[in-house]
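Numbering-wise (this note's numbering), the sequence shown opens with residue 847 and increments by one.
Glycine included, each C-beta is placed from N, C-alpha and C at the ideal position.
Down below is the structure, laid out as structure tokens.
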Amino acid sequence: IPRIGRKPQPMTADYAKLVAAGEVWVACDAIEEPSVAGLIVLQAEKEHLLIYSVAVRPARQGMGIGKRLLSFAEQRAAALHYDVVQLYTNETMVENIALYARVGYVEVRRTPYRGFQVVYMEKNVNESQEQVGE
Numbered sequence: 847i848p849r850i851g852r853k854p855q856p857m858t859a860d861y862a863k864l865v866a867a868g869e870v871w872v873a874c875d876a877i878e879e880p881s882v883a884g885l886i887v888l889q890a891e892k893e894h895l896l897i898y899s900v901a902v903r904p905a906r907q908g909m910g911i912g913k914r915l916l917s918f919a920e921q922r923a924a925a926l927h928y929d930v931v932q933l934y935t936n937e938t939m940v941e942n943i944a945l946y947a948r949v950g951y952v953e954v955r956r957t958p959y960r961g962f963q964v965v966y967m968e969k970n971v972n973e974s975q976e977q978v979g980e
């Protein structure tokens, strides 16, 4: 919140509606008590599977959970017969943008939104699967 001066859009979402749609996936851990380590919210769009939100508990960051959630989204996209996974983030979230780039997402455009620049990134999951098979 301090970086962008307001709550990011996913913090204001109607999660009951998203859960009802069936595309909220939770990563659990048992390091202490069984608990939620992270989550990913997916939305089926016409041309791609959208990662609406991905979040990892601060105490679990840096443990690969975010990368595993992204990988899950790519597998889910392939299972749903999508070629592309897309996500977006605020341009000030430079660490997130760097992570997405490291795991194969490429920037496709930037657009203004409510006084900020939104960075759209996507990954072709068929190319990812071909590389795994090589």
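By the CB criterion at 8 Å, leucine 945 and leucine 896 fall outside the cutoff. According to the DSSP assignment, glutamate 869 belongs to no beta strand (DSSP E), since it is labelled neither H nor E. Isoleucine 911 is positioned such that its CB atom lies closer than 8 Å to that of glycine 884.
Contact check for arginine 903 against valine 882 passes: the beta carbons are separated by less than 8 Å. Minimum Cα-Cα distance from aspartate 929 among the listed residues Thr938, Ala873, Asn972 corresponds to Asn972. Closest in C-alpha terms to alanine 866, from the list Val887, Thr957, Ala923, Val965, comes Val887.
The C-beta distance from valine 940 to lysine 969 rounds to 19 Å, too long to meet the 8 Å contact threshold. For valine 872, the CB contacts under 7 Å within the same chain, skipping 5 residues up- and downstream, are Val882, Leu885 in chain order. Comparing alpha-carbon positions, the option among Pro880, Gln889, Glu879 lying closest to valine 870 turns out to be Gln889. Its Cα nearest to that of glycine 908, the residue Asn942 stands out among Glu893, Asn942, Lys863, Ala862.
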